[in-house]
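Heads up: the sequence lines are chains A, B, C, D, E and F, in that order. Under the working numbering, read the first sequence as residues 1 to 251, first letter to last. Under the working numbering, read the second sequence as residues 1 to 251, first letter to last. Under the working numbering, read the third sequence as residues 1 to 251, first letter to last. Under the working numbering, read the fourth sequence as residues 1 to 251, first letter to last. Under the working numbering, read the fifth sequence as residues 1 to 251, first letter to last. Under the working numbering, read the sixth sequence as residues 1 to 251, first letter to last. Using N, Cα and C, we set each Cβ at its ideal position, and we do this for glycine too. Comments concern the structure below.
Number of protein chains: 6
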Amino acid sequence: MRRNQLREIWRTGQAANNCWLSLGHAFTAELIAHQGWDSVTIDMQHGLAGHAELCAMLAAVSATNTVPLARIAWNDPASAMRALDAGAYGVICPNVETREECEHFVRACRYAPMGYRSVGPLRAPLYAGSDYLSEANKTLLAVVQVETRKGLENVDQIAAVEGLDMIYIGPSDLGLSLGREARADQTDRVVVAAIERILEAAKRAGRHAGIYCRNPDYAKGMMDKGFDFVTVTSDEGMIAAGALVARRFAR
Amino acid sequence: MRRNQLREIWRTGQAANNCWLSLGHAFTAELIAHQGWDSVTIDMQHGLAGHAELCAMLAAVSATNTVPLARIAWNDPASAMRALDAGAYGVICPNVETREECEHFVRACRYAPMGYRSVGPLRAPLYAGSDYLSEANKTLLAVVQVETRKGLENVDQIAAVEGLDMIYIGPSDLGLSLGREARADQTDRVVVAAIERILEAAKRAGRHAGIYCRNPDYAKGMMDKGFDFVTVTSDEGMIAAGALVARRFAR
Amino acid sequence: MRRNQLREIWRTGQAANNCWLSLGHAFTAELIAHQGWDSVTIDMQHGLAGHAELCAMLAAVSATNTVPLARIAWNDPASAMRALDAGAYGVICPNVETREECEHFVRACRYAPMGYRSVGPLRAPLYAGSDYLSEANKTLLAVVQVETRKGLENVDQIAAVEGLDMIYIGPSDLGLSLGREARADQTDRVVVAAIERILEAAKRAGRHAGIYCRNPDYAKGMMDKGFDFVTVTSDEGMIAAGALVARRFAR
Amino acid sequence: MRRNQLREIWRTGQAANNCWLSLGHAFTAELIAHQGWDSVTIDMQHGLAGHAELCAMLAAVSATNTVPLARIAWNDPASAMRALDAGAYGVICPNVETREECEHFVRACRYAPMGYRSVGPLRAPLYAGSDYLSEANKTLLAVVQVETRKGLENVDQIAAVEGLDMIYIGPSDLGLSLGREARADQTDRVVVAAIERILEAAKRAGRHAGIYCRNPDYAKGMMDKGFDFVTVTSDEGMIAAGALVARRFAR
Amino acid sequence: MRRNQLREIWRTGQAANNCWLSLGHAFTAELIAHQGWDSVTIDMQHGLAGHAELCAMLAAVSATNTVPLARIAWNDPASAMRALDAGAYGVICPNVETREECEHFVRACRYAPMGYRSVGPLRAPLYAGSDYLSEANKTLLAVVQVETRKGLENVDQIAAVEGLDMIYIGPSDLGLSLGREARADQTDRVVVAAIERILEAAKRAGRHAGIYCRNPDYAKGMMDKGFDFVTVTSDEGMIAAGALVARRFAR
Amino acid sequence: MRRNQLREIWRTGQAANNCWLSLGHAFTAELIAHQGWDSVTIDMQHGLAGHAELCAMLAAVSATNTVPLARIAWNDPASAMRALDAGAYGVICPNVETREECEHFVRACRYAPMGYRSVGPLRAPLYAGSDYLSEANKTLLAVVQVETRKGLENVDQIAAVEGLDMIYIGPSDLGLSLGREARADQTDRVVVAAIERILEAAKRAGRHAGIYCRNPDYAKGMMDKGFDFVTVTSDEGMIAAGALVARRFAR
């Protein structure tokens with residue numbers, strides 16, 4: 001089976017850089033995968049991609065080494081399974097608040113006996129290789145987001161779920177849930193403390209930890225802090241940066 | 001934030017007219033938005049629109065004042081959140097039967113602390129303005145349908161849910177559930193009584209009341225009866241009216 | 001091969017009614033085909049349909065007896081051939097002004113030795129039957145539009161082209177080209193005279209004559225005048241009629 | 001209402017042959033429907049079809065007698081209802097493990113008073129006829145898959161659910177869940193015994209029994225064994241067979 | 001009719017800034033139009049947009065003041081007319097080399113008696129207003145590219161064509177045709193001289209002059225040189241800039 | 001630049017096998033590219049692919065060594081250039097009958113000074129490498145079809161056009177044009193003689209020769225006869241083969 005580059009990076013103790021894909025556009029995904037990111041995450045929650053766009057985007061990045069992940073819209077087994085069948089090498093599930101929710105998700109990503117993922121991957125073996133069925137459980141990533149006060153309270157039980165690979169932090173939702181600002185690149189004392197608590201809980205349980213950032217410097221800082229997986233920027237952020245050029249030409 | 005014209009109409013004590021969009025077609029939506037309706041509702045339950053079509057339709061009506069609403073396929077948080085992220089100014093949830101179901105839905109439409117809507121609206125701020133995050137909770141509409149015997153029995157508890165803006169009646173399902181005919185523009189005594197009961201429950205709780213109609217005269221009557229929001233016709237109904245012309249030319 | 005209902009109607013001396021499809025939307029096409037029109041014309045010139053939409057629309061109307069025609073964007077052989085390959089039972093070519101242009105088009109619609117249409121119909125035999133190759137030349141319709149002053153001057157030479165089935169009048173372009181108003185349902189003396197001249201030229205040459213109308217009464221009048229094929233209304237016209245309902249509810 | 005050919009075949013005591021559609025491609029569906037299969041099943045779980053593709057595929061097969069079924073991605077009412085609204089003549093629900101899950105699904109496929117399917121079929125009446133509302137409950141098929149150890153244990157209670165038409169076996173998931181190989185065309189003793197147990201439970205409860213096969217000979221054998229509905233091959237399997245030709249030309 | 005902001009900018013003697021859209025993606029177009037560019041150009045020659053994407057992109061930018069132009073793939077009347085019908089406020093035609101080619105194109109963009117554009121704009125009046133037919137000829141822009149040695153030789157005859165609004169320079173093709181490098185932001189002596197010759201020819205004939213740039217500083221310089229319309233950057237260029245961030249994180 | 005495997009095969013004196021892609025479906029293309037064909041040809045003339053499908057299909061095959069070619073719908077420069085910009089490694093132009101037509105096409109496939117292909121490849125360098133501009137002219141294939149009586153008469157002049165890589169025979173059109181049957185795998189004496197004449201003309205002029213076949217045995221025979229490039233089967237042919245299975249189960 002095609003190796004999961006993220007697992008290899010982690011094996012050497014390094015942190016992985018990730019580019020977020022909000023636009024749901026196959027050619028943009030292809031352009032960005034050719035920029036050499038360790039991984040891209042196709043966002044099906046707040047991003048524009050539905051299943052058809054996911055499939056096209058996964059095909060478009062297949063000629064590169066960039067690992068494709070999918071963030072599903074909600075914790076439902078069908079979404080996780082369909083993303084994996086299409087060839088995603090990992091799934092991020094938003095807003096997990098309890099151990100039960102975490103298990104429900106992680107087991108959807110694993111074939112029996114480790115889970116209840118249904119057999120029948122259509123495209124995944126083309127991308128991954130003909131030994132997909134036997135290797136998938138140990139290659140693909142199951143990632144949950146802890147991003148609410150309730151999730152924070154249960155973070156240790158969540159982190160303890162067998163088969164979970166990473167806890168990924170959504171700082172906007174976390175901030176809002178804690179009564180602070182909804183934004184990336186948090187510096188608020190309360191939110192920073194919560195981020196550190198999640199990071200430690202993940203590490204203590206032997207899981208990887210990831211976080212969404214928008215500013216590359218902040219992202220570097222999070223790597224230094226011990227995060228294994230850091231979203232550095234996004235397709236939408238690259239387009240947004242064009243506004244600076246526009247402003248320079250404004251009459 | 002761009003004003004929600006429906007709230008303004010209601011503030012002056014008037015009823016709003018709505019055109020239903022079943023076809024899931026962006027240009028048809030644009031044509032109809034230019035006809036001057038107070039709102040359009042993109043139907044993702046019985047209509048053809050999925051998320052991709054919803055996005056295209058929302059973009060297509062953005063240059064008009066017509067308020068775009070979405071009727072989601074079922075009471076699941078991801079559908080409500082994705083419709084709002086795409087720029088819908090309100091969501092209609094079908095078949096709500098209990099207070100818990102109503103709360104589950106309404107809170108999905110509101111950011112914390114009023115609810116648990118996830119932060120990260122991609123297109124909505126383009127349509128609504130850069131103050132979207134702070135204004136969304138009081139601008140966007142959360143609407144539930146009461147359309148079964150069970151929902152009818154619980155209508156007062158449903159109407160009492162904080163943050164609910166409107167109860168919208170689906171007369172076909174309501175009729176069928178009550179053992180009468182499944183049709184719009186109900187005149188059946190039993191169904192009419194149920195409709196009046198829902199209307200009164202909504203008003204008593206300080207909520208708006210809406211109803212789906214197919215005949216403009218019936219719609220006018222519902223406005224007279226006190227409904228604040230009346231679906232008058234639909235894109236599919238306009239096409240269906242073409243059958244009369246076809247019949248005239250039938251050989 | 002599935003019969004071409006238009007040829008059968010004409011064989012009995014009757015005129016055919018046609019509904020124009022501008023929206024390029026498969027389900028709308030299906031709805032309208034079920035209304036019982038003799039034919040529908042998928043407009044690829046001023047309408048929204050490209051090749052993908054054409055294919056979807058042709059599939060959508062296949063379960064009805066309504067004959068599907070396509071109006072291509074310009075007089076180029078590839079467009080005509082691709083529309084026929086997809087299962088159109090006739091092609092309307094806009095703005096033909098000379099005998100040479102007419103021949104160029106008509107021969108693109110016919111297999112050798114009558115023309116130079118390339119062999120390889122992918123979907124057409126599914127719709128039409130396995131004897132498609134041998135029957136296509138005598139079943140499918142080749143139609144040209146005469147709609148300019150120059151076309152009018154050459155109408156007799158155009159009508160004389162072997163294999164041409166019908167001349168179809170676009171009254172808006174014809175009016176504008178003659179220095180009058182660009183509109184359907186012409187009553188202007190000069191344009192009416194031109195329409196009559198084209199009608200007569202078609203008849204004299206043994207061709208059918210068709211015309212685009214928007215008002216059913218006007219369409220009836222054109223049938224009485226001798227036109228064999230009359231566009232009565234359109235999908236876009238049906239939607240436009242909804243504006244009357246909107247106006248009634250305008251505040 | 002257009003007859004459901006599967007019910008007619010069963011009425012005469014025969015078994016039906018089914019072709020699986022994994023590719024989610026309308027024209028391929030049309031090609032295959034014209035091959036004369038009793039039914040096709042559009043796979044929305046492991047196949048590529050989403051709702052938009054489902055609609056296009058259902059339109060594409062409408063001119064044939066082949067009965068279109070849909071396999072939904074998961075046991076959620078909205079998916080079942082939307083597939084039926086689009087014109088599917090039956091729905092297959094994956095991975096049903098309890099009586100409650102079975103009832104939840106079967107009742108989503110039926111209008112009141114037999115279930116809670118919401119009224120408002122947009123395309124179905126075009127395909128099925130204008131008496132759709134009154135005839136749908138007895139024409140459309142509700143099918144569940146039993147494909148796990150837990151489902152196997154509960155198979156009698158599942159089979160007892162009123163309104164259920166068929167139990168359909170997914171041999172790959174069943175095998176894996178029982179600790180054997182995940183594959184079609186099972187010959188493993190344990191899995192074969194499980195298959196027989198499901199078949200008998202279905203028959204005992206007066207339900208039809210179906211099974212997914214990939215090899216036509218195996219499929220024939222399953223018919224002989226008493227299965228009423230046998231998937232013989234798939235669009236993806238036909239393409240896969242092309243690999244044999246490729247191998248012959250490999251350098 | 002909605003004003004053409006480019007004509008107004010030029011009326012005051014200013015130069016307009018333009019953002020190129022290569023990706024053919026509606027939401028990216030909407031994001032960029034909200035950045036405040038004077039115009040965007042949807043590229044149908046080297047960019048990904050076909051007619052369906054063009055329509056979606058034109059709808060997506062309609063709520064802004066940014067003027068949408070389309071660059072067609074080749075000098076054929078159907079492409080120009082379809083782009084205008086969809087609501088483009090101007091068309092750029094690549095590679096015009098003679099006066100005849102220029103006239104063929106410019107007249108395709110104008111209604112009689114100034115040209116031969118066919119009447120029947122479907123979406124344009126929604127965007128532009130109900131007086132579209134009478135105002136279009138003087139509002140919409142007809143632009144040709146001079147980008148070859150032959151075009152350069154004929155530039156004065158091309159510039160003299162009545163109704164032409166602007167000559168737009170493609171520096172890559174021009175460079176290659178002159179035996180120099182194919183690149184934007186030319187500094188090669190031979191190409192710079194050719195650019196100046198085209199600029200002067202345009203001005204002498206009373207036409208506007210435009211040029212494609214990739215570097216904002218170079219673009220500023222071209223404005224200073226007298227160009228009225230300068231492409232400053234592109235959606236693809238914004239994404240490409242993300243490569244710098246990626247490189248910073250490369251291991 | 002990524003090597004063109006076809007040129008390498010030919011360099012060693014071997015013949016290449018090609019699979020035709022008529023369905024215009026990205027995932028089917030990906031499945032087939034993984035079967036190991038030397039090349040696939042995406043058919044935009046008789047097949048379903050338009051530009052959007054072409055782009056998706058080219059992305060889908062990029063992770064394999066299979067060389068992607070495109071057959072355009074007609075001899076127009078824009079189609080050839082757009083296919084190459086999207087990453088096709090060669091273009092087949094149908095129905096070339098004269099030296100002028102051949103030159104018009106071949107030069108559209110080459111950058112100056114060998115032709116007039118416009119510069120600005122969007123996706124091609126991602127697939128091919130950053131040295132695309134300098135290597136494209138000698139890597140990409142320009143192929144014409146000779147398939148009519150007139151083309152046959154001019155075959156020597158056609159073959160003599162500089163830069164032409166291959167003459168590809170369409171036996172159906174050739175047969176029909178010669179007054180024989182329109183079919184693949186020709187055995188008719190007259191058509192076979194014509195095929196041989198084209199083969200010899202190609203060889204004499206130092207061009208490669210290719211032919212469309214449907215039967216693998218016939219294809220083998222053509223390789224033995226000296227053809228360098230042989231279409232062996234197609235995606236549509238693989239689906240069609242499924243009819244044999246269907247027939248076996250027909251009641």
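By the DSSP assignment, the beta strand (DSSP E) with residue i in it spans what residues?
i	result
residue 169 of chain B	166-169
residue 134 of chain B	Per DSSP, residue 134 of chain B belongs to no beta strand (DSSP E); it is in the alpha helix (DSSP H), 132-139.
residue 61 of chain C	It is not in any beta strand (DSSP E) - residue 61 of chain C carries neither H nor E in the DSSP assignment.
Please confirm if residue i has its CB atom under 8 angstroms from at least one CB of chain F.
i	result
residue 118 of chain C	yes
residue 126 of chain A	yes
residue 134 of chain E	no
residue 246 of chain D	yes
Could you tell me how far apart the beta carbons of residue i and residue j are, in whole angstroms, since I believe they sit closer than 8 angstroms?
i	j	result
residue 242 of chain B	residue 211 of chain C	Between residue 211 of chain C and residue 242 of chain B the Cβ distance is about 19 angstroms, and since that is not below 8 angstroms, they are no contact.
residue 85 of chain B	residue 120 of chain B	7 angstroms
residue 216 of chain B	residue 195 of chain B	That belief does not hold up - the Cβ atoms of residue 216 of chain B and residue 195 of chain B are roughly 18 angstroms apart, past 8 angstroms.
residue 83 of chain F	residue 70 of chain F	4 angstroms
residue 136 of chain C	residue 111 of chain C	6 angstroms
residue 88 of chain C	residue 223 of chain C	Residue 88 of chain C to residue 223 of chain C, Cβ: 24 angstroms. No contact.
residue 95 of chain B	residue 148 of chain B	6 angstroms
8 angstroms is my cut-off, CB to CB: does residue i come that close to chain G?
i	result
residue 76 of chain B	Considering every chain present, this structure includes no chain G. Its protein chains are A, B, C, D, E and F.
Any Cβ of chain D within less than 8 angstroms of the Cβ of residue i?
i	result
residue 62 of chain B	no
When the cut-off is 8 angstroms and only beta carbons count, does residue i lie next to chain E?
i	result
residue 112 of chain C	no
residue 59 of chain B	yes
Distance cutoff 8 angstroms, beta carbons only. Does residue i sit that close to anything in chain B?
i	result
residue 122 of chain D	yes
residue 82 of chain D	yes
residue 5 of chain C	no
Between which two residues does the alpha helix (DSSP H) carrying residue i extend?
i	result
residue 3 of chain C	From DSSP, residue 3 of chain C is part of no alpha helix (DSSP H); its letter is neither H nor E.
residue 155 of chain E	155-159
residue 71 of chain B	Here residue 71 of chain B belongs to no alpha helix (DSSP H); instead the beta strand (DSSP E) covers 67-71.
Any heavy atom of the ligand ZN closer than 7 angstroms to the Cβ of residue i?
i	result
residue 131 of chain A	With respect to the ligand ZN, the structure shown offers nothing to examine, as it has no ligands at all.
Under 8 angstroms (Cβ pairs) to chain E, residues found in the stretch 44-57 of chain B: The residues in question are 55 and 56.
Going along the stretch 85-109 of chain E in order, which residues come within less than 9 angstroms of chain F, judged by CB to CB distance? For the stretch 85-109 of chain E, which is checked against every Cβ of chain F, the residues closer than 9 angstroms are 94 and 95.
Using a Cβ-Cβ cut-off of less than 8 angstroms, give me the residues of the stretch 217-243 of chain D that come near chain A, in sequence order. For the stretch 217-243 of chain D, the residues whose beta carbon sits under 8 angstroms from a beta carbon of chain A are, in order, 236.
Quick one: which residues of the stretch 161-178 of chain E get their C-beta closer than 7 angstroms to a C-beta of chain F? List them in chain order. Flagged, chain order: 172, 173, 176 and 177.
Length-filtered (3 minimum) beta strand (DSSP E) runs lying within the stretch 167-230 of chain B: As far as the stretch 167-230 of chain B is concerned, its whole beta strand (DSSP E) runs of at least 3 residues are 208-212.
Write down every uninterrupted run of the alpha helix (DSSP H) in the stretch 9-51 of chain E whose length is 4 residues or greater and which is fully enclosed by it, in chain order. Here the runs fully enclosed are 26-33.
Please identify, using Cβ separations under 7 angstroms, the residues of the stretch 24-40 of chain F that lie next to chain D, in order along the chain. Residues passing the 7 angstroms Cβ filter: 25, 27, 28, 31, 32, 35, 36 and 37.
Report the residue ranges of all beta strand (DSSP E) runs contained in full by the stretch 84-137 of chain B; include only those spanning at least 3 residues, in chain order. The stretch 84-137 of chain B contains these whole beta strand (DSSP E) runs: 90-93.
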